[in-house]
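**Student:** Everything in the sequence shown is counted per UniProt numbering, starting at 1 for the first residue and increasing by one.
Glycine included, C-beta positions come from ideal geometry on N, C-alpha and C.
Pasting a structure here, questions to come.
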Amino acid sequence: MFNINNFIDQIEPISTNLEPHFPTLNIALGFDNNYAMPAGVAILSVIQNTPNCNLHFHLFIDNVSHVNLEKFKKFNYPNVSITLYFLNNNFVINPKTLVLHIPTASTCIRFIMPKLLVSVTDKLIYLDSDIICLKSLAKLAEYDIENYIAGVISDSEDMQQTISEMYDIDSTRYFNAGVLLINTTKWCEEKISEKALTMINDGNIYKFADQDVLNILLENKTLLLPIKFNTKIKISVDAHQEKEIRPYTVILHYISQNKPWYKVYLSEIFNNYFNLSPWKDDQLPLSGNSSSIRNYAKYLFKQKAYFKSIYYFSIYLKFKLFLKK
1 MFNINNFIDQ IEPISTNLEP HFPTLNIALG FDNNYAMPAG VAILSVIQNT
51 PNCNLHFHLF IDNVSHVNLE KFKKFNYPNV SITLYFLNNN FVINPKTLVL
101 HIPTASTCIR FIMPKLLVSV TDKLIYLDSD IICLKSLAKL AEYDIENYIA
151 GVISDSEDMQ QTISEMYDID STRYFNAGVL LINTTKWCEE KISEKALTMI
201 NDGNIYKFAD QDVLNILLEN KTLLLPIKFN TKIKISVDAH QEKEIRPYTV
251 ILHYISQNKP WYKVYLSEIF NNYFNLSPWK DDQLPLSGNS SSIRNYAKYL
301 FKQKAYFKSI YYFSIYLKFK LFLKK
């Protein structure tokens, strides 16, 4: 018998604030300790830009440190509630399907969220941890998805082209799973949690892991939403792509390995919210790979910051020659 509660060791509310007469948005994120800080910054951006709503964040966490958990408790706003869901070791995924080398909590935890939260809400907003909210999420929650399992946002045309050569599905409706508006009732009626966990462990290779599984299971059962709710960018060192986004963008999604919380990426948008967050005094990590350090050194050289350029190029050489990054 499939019991979704077997994956959760403990459920702990850490704040239960509620403003009378405000509508409530239920928002879920899942992450491990490596993504705790980015998730916290994402949450802060939602809080800052979504006034006049109660925001209940459901955080599905995998081995998050006590230090980071204490920082989530600092989101003590009158309209913000936070509930923690502690994952256990029963949440096992076939490692051969994780070709993107992303931790389980980041890839497949969204499979079980709707089933656990169906008694809390019939409409759930799921967010990846590598997003920044720039405008209110209230409009997203207003979409009518009564006849759909989820509201979704299309992926890029090049991704859809790639998918067209891999699966027998309508690739023009292939969506990015970083932002989802989920009808939890229909999700449970269709047993999507059970089907997804079965598929991800069936021995087949799904190149984009849980995203592929969800696209296959939800084919013709989704409502396509405007791209402003999941505007995807791949930033370079100077993060000039941020200046090119449309002014109506609601959610900015940093895809690829170039994440804005690495020091080598000069993201004004991320840093703005980071400096308002409980993590503001933390040291940002330098980089996720050696090539970005090299690119940063080149950028500094072009800016005539020669000594800093030489310093970071020496770090790049150390990574490349000794750490094999």
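1) Please name the residue, chosen from Ile200, Leu225, Ile112, that lies closest to Thr185 on a Cα-to-Cα basis.
2) What did DSSP end up calling Val67 once you bin it into helix, strand or coil?
3) Taking contact to mean 3 or more Cβ pairs, one atom from each stretch, closer than 8 Å, check whether the stretch 224-234 and the stretch 190-200 are in contact.
4) Enumerate in chain order the residues of its own chain whose CB-to-CB distance from Tyr148 is below 8 Å, with the five nearest sequence positions on each side excluded.
5) Have a look at Ile310 and Ile293 and give me their C-alpha separation to the nearest angstrom.
6) Would you decide whether Tyr248 is buried or exposed? Buried here means 16 or more other CB atoms lie within 10 Å of its CB.
7) Alpha carbon to alpha carbon, how far is Cys133 from His56?
8) What is the rounded straight-line gap between the Cα of Ala39 and the Cα of His66?
9) Near Asn215, what residues of its chain come up, given a Cβ to Cβ distance below 6 Å and the 5 sequence neighbours on each side ignored?
10) Helix, strand or coil: how does DSSP classify Cys188 here?
11) Could you check where the alpha helix (DSSP H) with Leu217 kicks off and where it finishes?
12) In whole angstroms, what separates the C-alpha of Lys302 from that of Leu266?
13) Is the stretch 117-128 touching the stretch 197-208, taking contact as three or more C-beta pairs under 8 Å?
14) Ends of the beta strand (DSSP E) at Pro13?
15) Take Ser276 and list the residues in its own chain whose beta-carbon comes closer than 8 Å to its own, dropping the five residues that flank it on each side.
16) Quick one: give me the first and last residue of the alpha helix (DSSP H) that residue 385 is part of.
17) If you measure between the beta carbons of Leu116 and Ala150, is that distance less than 8 Å?
18) Counting along the chain, where does the beta strand (DSSP E) carrying Ala177 start and finish?
19) Measure the Cβ-Cβ separation of Pro114 and Cys188 and say whether it is below 8 Å.
20) What's the gap between the Cα of Tyr312 and the Cα of Thr83?
**Tutor:** Let me spell this out:
1) Ile112
2) Annotated three-state conformation of Val67 is helix, per DSSP.
3) no
4) Scanning its chain for C-beta atoms nearer than 8 Å, with the 5 sequence neighbours on each side dropped, one finds around Tyr148 the residues Asn183, Lys186, Lys221, Thr222, Leu223, in chain order.
5) 11 Å
6) It is exposed - the Cβ of Tyr248 has fewer than 16 other Cβ atoms within 10 Å.
7) 15 Å
8) 15 Å
9) Tyr174
10) helix
11) 209-217
12) Distance between the alpha carbons of Lys302 and Leu266 is about 15 Å.
13) no
14) 8-16
15) According to the sequence shown, residue 276 is Leu rather than Ser. Same-chain partners within the cutoff: Leu44, Gln48.
16) Nothing can be reported for residue 385: it is not among the residues displayed for the chain, which extend from 1 to 325.
17) For the 8 Å CB-CB criterion, Leu116 and Ala150 do not form a contact.
18) Looking at the DSSP string, the run of the beta strand (DSSP E) that includes Ala177 is 175-183.
19) yes
20) 41 Å
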